[in-house]
Amino acid sequence: QSLSILDIARELTRLQEAAKEGSLSEDDITGVTFSLSNIGAIGGTYMSPIVAPPQVAIGAIGKIQRLPRFVGDSNEVEEASIMQISWGGDHRVVDG
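This note's numbering runs 7 ahead of the 1-based position in the sequence shown.
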């Protein structure tokens, strides 16, 4: 299926509105090639996502944490916002 940028924007808007209203259909959430999980919303920081066919990849976004980090080449430490991103992919898509 070939969609223009405008068609994709319209479909995203439709899906966002359906999600807010709680009216997503099964067709709206199946048959995707990539899924994204927000584990940060439940306090999670990292996970090992498992690909569920026919998907080819899955990502997980962890919560933002304020952690100490070294600044450049100096020995100074400052607070930084860190967010873990986990990714899993079907090796057949990645390396054949």
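Where a beta carbon is used, it is the ideal one built from N, C-alpha and C, also for glycine. Bear in mind the structure is a predicted one, so any value in this text is a computation, not a measurement.
Can you round the beta-carbon distance between residue i and residue j to whole angstroms, since I take them to be within the 8 angstroms contact cut?
i: Pro75; j: Gly38; result: At roughly 44 angstroms, the Cβ-Cβ gap does not stay under 8 angstroms, so Pro75 and Gly38 are not in contact.
i: Gly71; j: Asn45; result: Here the sequence assigns Ile to residue 71, which means Gly is not the residue at that position. With 8 angstroms as the limit, Ile71 and Asn45 do not qualify as a contact, their Cβ atoms being about 12 angstroms apart.
i: Pro56; j: Ser93; result: 6 angstroms
i: Gly29; j: Ala64; result: Contact flag wrong, Cβ pair sits at about 27 angstroms.
On a CA-only basis, which of the options is nearest residue i? Give me that one, please.
i: Val100; options: Gly69, Glu83, Thr40 and Ile49; result: Thr40
Beta carbon of residue i, beta carbon of residue j: below 9 angstroms?
i: Asp102; j: Val58; result: no
i: Gly50; j: Met90; result: no
i: Glu83; j: Arg73; result: no
i: Gly66; j: Leu43; result: yes
Going by beta carbon distance, what residues of the same chain come within less than 8 angstroms of residue i, once the five residues before and after it are set aside?
i: Leu22; result: Leu31 and Asp35
i: Glu18; result: Leu10
What residues in its chain sit with their C-beta under 7 angstroms from that of residue i, if we drop five residues either side in the sequence?
i: Ser88; result: Ile71 and Arg73
i: Thr52; result: Gly69, Lys70, Gln72 and Gln91
Between residue i and the rest of its own chain, which residues show a CB-CB distance below 6 angstroms, the 5 nearest in sequence each way excluded?
i: Ala25; result: Leu31
Give the list of continuous beta strand (DSSP E) stretches no shorter than 3 residues that lie fully inside the stretch 32-84.
Every unbroken stretch of the beta strand (DSSP E) spanning 3 or more residues and falling wholly within the stretch 32-84 is given here in chain order: 41-45 and 64-77.
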